[in-house]
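These notes are about the structure you will find just below.
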Amino acid sequence: MSKGCKQRHTCKECNLTHPTLLHFSNIESSKGKVKTVANALVDMDKDDSREEDIGAGEPEGTLAIVPVKVKTKQGNTIITTYAFLDPGSTATFCTESILQQLQVTGRNTKILLRTMNKEESVKTSVACDLEICGIESNQYVALPPVYSQNKIPVRKANIPSQEDVGQWEYLKEVNIPQIDAEVGLLIGCNVPKALEPCKVINSQGNGPYAVKTILGWTINGPLGRSDTTRWIKPVVTANRISVVEIEELLKQQVKLDFPEHQHKERLEMSREDHKFMESVSNSVKLVDGHYSIGLPLKEKGLDFPNNRRVAEQKDKANQSKRSWYIPHHGVYHPKKRKLRVIFDCGATYQGTSLNARLLQGPDLTNSLIGVLTRFRQKNIAFMADIEAMFHQVKVPEEDSDLLTFLWWPDGDLSSELEEYQMVVHIFGATSSPSCANFALQQCARDNVDDFSPEAVSSMLRNFYVDDCLKSMEDERKAVIIAHELKTLCIKAVALCRLSDQSMPQLTWTVLYTP
Numbered sequence: 023m024s025k026g027c028k029q030r031h032t033c034k035e036c037n038l039t040h041p042t043l044l045h046f047s048n049i050e051s052s053k054g055k056v057k058t059v060a061n062a063l064v065d066m067d068k069d070d071s072r073e074e075d076i077g078a079g080e081p082e083g084t085l086a087i088v089p090v091k092v093k094t095k096q097g098n099t100i101i102t103t104y105a106f107l108d109p110g111s112t113a114t115f116c117t118e119s120i121l122q123q124l125q126v127t128g129r130n131t132k133i134l135l136r137t138m139n140k141e142e143s144v145k146t147s148v149a150c151d152l153e154i155c156g157i158e159s160n161q162y163v164a165l166p167p168v169y170s171q172n173k174i175p176v177r178k179a180n181i182p183s184q185e186d187v188g189q190w191e192y193l194k195e196v197n198i199p200q201i202d203a204e205v206g207l208l209i210g211c212n213v214p215k216a217l218e219p220c221k222v223i224n225s226q227g228n229g230p231y232a233v234k235t236i237l238g239w240t241i242n243g244p245l246g247r248s249d250t251t252r253w254i255k256p257v258v259t260a261n262r263i264s265v266v267e268i269e270e271l272l273k274q275q276v277k278l279d280f281p282e283h284q285h286k287e288r289l290e291m292s293r294e295d296h297k298f299m300e301s302v303s304n305s306v307k308l309v310d311g312h313y314s315i316g317l318p319l320k321e322k323g324l325d326f327p328n329n330r331r332v333a334e335q336k337d338k339a340n341q342s343k344r345s346w347y348i349p350h351h352g353v354y355h356p357k358k359r360k361l362r363v364i365f366d367c368g369a370t371y372q373g374t375s376l377n378a379r380l381l382q383g384p385d386l387t388n389s390l391i392g393v394l395t396r397f398r399q400k401n402i403a404f405m406a407d408i409e410a411m412f413h414q415v416k417v418p419e420e421d422s423d424l425l426t427f428l429w430w431p432d433g434d435l436s437s438e439l440e441e442y443q444m445v446v447h448i449f450g451a452t453s454s455p456s457c458a459n460f461a462l463q464q465c466a467r468d469n470v471d472d473f474s475p476e477a478v479s480s481m482l483r484n485f486y487v488d489d490c491l492k493s494m495e496d497e498r499k500a501v502i503i504a505h506e507l508k509t510l511c512i513k514a515v516a517l518c519r520l521s522d523q524s525m526p527q528l529t530w531t532v533l534y535t536p
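Laid out in structure tokens, this is it:
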């Protein structure tokens with residue numbers, strides 16, 4: 023049986039292991055010899071081209087090539103050349119000869135050039151501010167950055183002539199000016215103004231079609247040439263060019279590796295954020311060296327249910343939790359002796375809570391990345407912090423009713439509970455961080471005329487919540503700015519504690535008079 027035969031047939035023409043029927047030199051069709059055409063792309067940085075014999079007398083197609091004038095935006099020198107309008111290219115190219123004639127020196131770079139059959143890194147130069155117009159027009163079109171190459175992958179044979187057009191009666195209105203020049207420009211799809219059709223004449227039979235652009239008429243398709251002495255070895259050009267600058271690829275990769283480069287210092291504010299800013303801006307006052315900001319309630323005038331009974335029941339049930347109108351608890355830090363009181367403003371009663379009625383406000387905190395980056399810019403650095411930042415911002419008397427809590431007089435747990443009210447913004451309230459940051463920034467804005475721009479800028483841009491991280495060029499400038507910052511904080515916020523082990527002079531900043 024044939025499937026058991028171990029003998030392998032070979033081609034009778036070349037003795038290779040393929041059927042003789044598939045030997046290309048012997049393939050014929052009913053119309054004659056079949057053409058074996060390679061999709062040849064002329065290499066943009068080499069002079070050689072791939073050619074395949076497609077048979078004498080075969081018609082060759084023309085490309086969308088138009089004569090143009092090219093110049094620089096500010097220059098007077100005008101060069102005439104042919105431009106290939108190539109929607110298959112994502113970039114625009116010109117020959118180095120064009121740049122030399124225009125006396126243009128481009129910026130050297132590398133591009134990743136993707137064509138139909140390969141991808142490679144190519145050295146090139148980038149020229150800017152070039153303009154082109156039709157050979158019979160003065161309506162110039164600005165070109166994007168143009169990459170230079172030794173040659174454009176188009177032959178003169180692909181340039182149509184008026185003689186070619188004259189063969190077709192339906193193209194009689196088409197005028198193709200002739201110039202003595204090579205194809206010096208390749209206009210890609212990034213110049214849509216040059217490629218968009220103003221008028222189209224459809225093909226008839228096997229003839230070409232014509233497109234009128236702002237640069238002039240172009241002819242596309244077979245022209246029916248049959249001069250056997252002239253058209254022996256035409257080249258089929260299949261362009262599909264994609265260009266990316268290597269430097270841009272590197273920048274994109276760096277951005278992927280370090281996404282903080284795309285970090286925004288400020289985010290867009292929502293409608294509620296704008297409402298918060300309006301509320302605190304209208305209520306902010308400077309009282310006895312402290313800013314006072316009203317609680318930014320979502321709706322003014324709404325009554326709160328009296329939850330004293332619930333607070334009393336919680337307190338009597340478990341005195342160790344120290345619950346209040348606004349229940350709270352203490353937080354201990356293992357390295358600090360200080361007890362921080364956290365109020366549970368999210369505790370609900372009859373379906374509501376203080377936090378549910380408050381506007382949280384926008385995030386006014388400086389970007390940590392920005393603060394740390396600026397901290398490392400200069401040689402001399404110092405740090406500072408604001409003591410009990412939330413408690414430096416007062417609450418108006420009319421809002422203190424919403425911050426009522428219960429406590430035993432003098433801490434005597436056997437005594438009757440008494441009512442107290444907080445007169446400052448508290449830990450646990452959803453609005454407190456934004457209110458505190460707003461007060462800090464308001465302090466800087468209110469004292470623009472009394473302190474140096476560097477000190478005001480430091481207050482606005484070098485604080486991360488209550489911590490200041492600042493660097494200066496030298497110790498003297500650092501001492502001066504540290505003194506100003508401390509004075510500014512004392513004036514309107516609170517004491518600003520400074521520390522820097524590498525610069526002990528800052529310990530006497532408050533005694534220094536610049």
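Taken in order, the sequence shown gives residues 23 to 536; the numbers are from our numbering.
Glycine is no exception: its CB is placed at the ideal position from the N, C-alpha and C atoms.
Strand pairing of Ala105, partner residues [DSSP]: Residue mapping note: residue 105 aligns to position 83 of the sequence shown, counting from 1. Answer is Val88, Leu207.
For Cys155 and Pro167, believed in contact at Cβ under 8 Å, the rounded distance: Working through the sequence shown from its first residue, we reach residue 167 at position 145. Working through the sequence shown from its first residue, we reach residue 155 at position 133. In fact, because the Cβ distance is near 19 Å, the residues do not count as touching under 8 Å.
Same chain, Cβ closer than 8 Å to Val90, five either side skipped, listed in chain order: For the purposes of this step, residue 90 is identified with residue 68 of the sequence shown, where counting begins at 1. Closer than 8 Å at Cβ, skipping near neighbours: Thr102, Thr103, Tyr104, Ala105, Ile154, Cys155, Gly156, Ile157, Leu207, Leu237, Gly238.
Neighbour-count burial assignment, Thr32, 16 or more Cβ in a 10 Å radius: Indexing the sequence shown from 1 puts residue 32 at position 10. Thr32 should be labelled exposed.
Residues bridged to Lys132 (per DSSP): Translated into the one-based positions of the sequence shown, residue 132 becomes position 110. Beta-bridge pairing links Lys132 to Lys145.
Beta-carbon contacts of Asp421 that lie in its chain and below 7 Å, excluding the five residues immediately before and after: Here residue 421 is taken as the residue at index 399 of the sequence shown, counted from 1. Hits under 7 Å: Gly316, Leu317.
Close beta carbons around Ile100, own chain, < 8 Å, minus the five adjacent residues each side: Indexing the sequence shown from 1 puts residue 100 at position 78. Here the set comprises Lys91, Val92, Lys93.
Minimum Cβ-Cβ distance from Thr240 to chain C less than 8 Å: Absence of chain C from the displayed structure is noted, only one protein chain being present.
Val309 Cβ short of 7 Å to the ligand PLP heavy atom set: Because no ligand of any kind appears in the structure shown, any question about the ligand PLP cannot be addressed here.
Which of helix, strand or coil DSSP assigns to Asn160: The sequence position of residue 160 within the sequence shown is 138, counting from 1. DSSP places Asn160 in coil when its eight states are reduced to three.
Span of the alpha helix (DSSP H), counted from its first residue to its last, around Met299: Numbered from its first residue, the sequence shown carries residue 299 at position 277. Segment 293-305, the alpha helix (DSSP H) holding Met299.
Sufficient close CB pairs (3 or more, under 8 Å) joining the region 196-213 to the region 128-137: no
First through last residue of the beta strand (DSSP E) which encompasses Gln399: In the sequence shown, residue 399 corresponds to position 377, counting from 1. Premise fails: Gln399 is in no beta strand (DSSP E) and is neither H nor E.
Within 8 Å, strictly: CB atoms of Cys367 and Thr452: Here residue 367 refers to the residue found at position 345 of the sequence shown. Here residue 452 refers to the residue found at position 430 of the sequence shown. Their beta carbons are under 8 Å apart, which means Cys367 touches Thr452 by this criterion.
Pairwise C-alpha distance: Leu107 and Gln161: For the purposes of this step, residue 161 is taken as the residue at position 139 of the sequence shown. For the purposes of this step, residue 107 is taken as the residue at position 85 of the sequence shown. Near 17 Å, if we compare the C-alpha coordinates of Leu107 and Gln161.
Beta carbon of Pro455 nearer than 8 Å to that of Ser314: For the purposes of this step, residue 455 is taken as the residue at position 433 of the sequence shown. For the purposes of this step, residue 314 is taken as the residue at position 292 of the sequence shown. Against a cut-off of 8 Å, the Cβ pair of Ser314 and Pro455 comes out as no contact.
Beta-carbon gap between Val415 and Cys465 smaller than 8 Å: To locate residue 415, count along the sequence shown from 1; it is residue 393. To locate residue 465, count along the sequence shown from 1; it is residue 443. Result no, Cβ atoms of Val415 and Cys465 do not sit closer than 8 Å.
Stretch pair the region 181-194 + the region 215-232: three plus CB contacts closer than 8 Å: yes
Cross-strand partners of Ala232 (DSSP beta bridge): For the purposes of this step, residue 232 is taken as residue 210 along the sequence shown, with counting starting at 1. DSSP output for Ala232 lists Ile223, Ile241 as bridge partner(s).
Contact between the region 432-446 and the region 384-401 (3+ Cβ pairs under 8 Å): no
When Leu386, Pro431, Glu438, Ala461 are compared against His413, the one with the closest alpha-carbon: Residue mapping note: residue 413 aligns to position 391 of the sequence shown, counting from 1. Nearest of Leu386, Pro431, Glu438, Ala461 to His413, Cα basis: Ala461.
Nearest neighbour of Val187, chosen from Ala232, Ala164, Ser147, Cys220 [CA to CA]: Taking the sequence shown and counting its residues from 1, the one referred to as residue 187 is at position 165. Checked all of Ala232, Ala164, Ser147, Cys220; the closest Cα to Val187 is Ala232.
Three-state class that DSSP yields for Asp423 in the structure shown: The residue you call residue 423 lines up with position 401 of the sequence shown. Three-state result, Asp423: helix.
Extent of the continuous beta strand (DSSP E) run through Gln443: Within the sequence shown, the letter at position 421 stands for residue 443. Segment 440-443, the beta strand (DSSP E) holding Gln443.
Nearest-angstrom Cα separation, counted from Gly450 out to Leu361: Looking up residue 361 in the sequence shown gives position 339. Looking up residue 450 in the sequence shown gives position 428. So the two alpha carbons sit approximately 15 Å from each other.
Straight-line Cα distance separating Ser143 from His355: Walking along the sequence shown from the start, residue 355 turns up at place 333. Walking along the sequence shown from the start, residue 143 turns up at place 121. Roughly 59 Å separates the two Cα atoms.
Nearest candidate by alpha-carbon position, reference Arg400, set Asp434, Asp432, Asp496: Against the sequence shown, residue 400 aligns to sequence position 378. Note that residue 400 is Lys in the sequence shown, not Arg. Out of Asp434, Asp432, Asp496, Asp496 has the C-alpha closest to the C-alpha of Lys400.
Continuous beta strand (DSSP E) stretch holding Phe115: start and end: Against the sequence shown, residue 115 aligns to sequence position 93. 114-117 is the extent of the beta strand (DSSP E) around Phe115.
Endpoints, alpha helix (DSSP H) assigned at Arg379: Mapped onto the sequence shown, residue 379 falls at position 357. Arg379 -> alpha helix (DSSP H) spans 376-379.
Exposure of Gln372, with buried meaning 16 or more beta-carbon neighbours within 10 Å: As a first step, residue 372 must be located in the sequence shown, where it is residue number 350. So Gln372 counts as exposed.
Backbone secondary structure at Leu361 - three-state DSSP: Taking the sequence shown and counting its residues from 1, one reaches residue 361 at position 339. Of the three classes helix, strand and coil, the one that applies to Leu361 here is strand, per DSSP.
Sequence-distant residues of its chain with Cβ nearer than 8 Å to Leu319 (five each side left out): One-based indexing of the sequence shown puts residue 319 at position 297. Excluding positions up to five away in sequence, the list reads Ser301, Arg379, Leu380, Leu381.
Distance CB(Gln171)-CB(Thr146) smaller than 8 Å: Working through the sequence shown from its first residue, we reach residue 171 at position 149. Working through the sequence shown from its first residue, we reach residue 146 at position 124. Yes; because the gap between Cβ atoms is below 8 Å, this pair is in contact.
Same chain, Cβ closer than 6 Å to Gln184, neighbours up to 5 away in sequence not counted: Counting from one through the sequence shown, the residue named residue 184 turns up at place 162. Contacts found: Ile198.
Length of the line joining the Cα atoms of Ser474 and Val148: Residue mapping note: residue 474 aligns to position 452 of the sequence shown, counting from 1. Residue mapping note: residue 148 aligns to position 126 of the sequence shown, counting from 1. Ser474 and Val148: Cα-Cα distance of roughly 45 Å.
Residues bridged to Ser454 [DSSP beta-bridge criterion]: Indexing the sequence shown from 1 puts residue 454 at position 432. DSSP lists no partner for Ser454.
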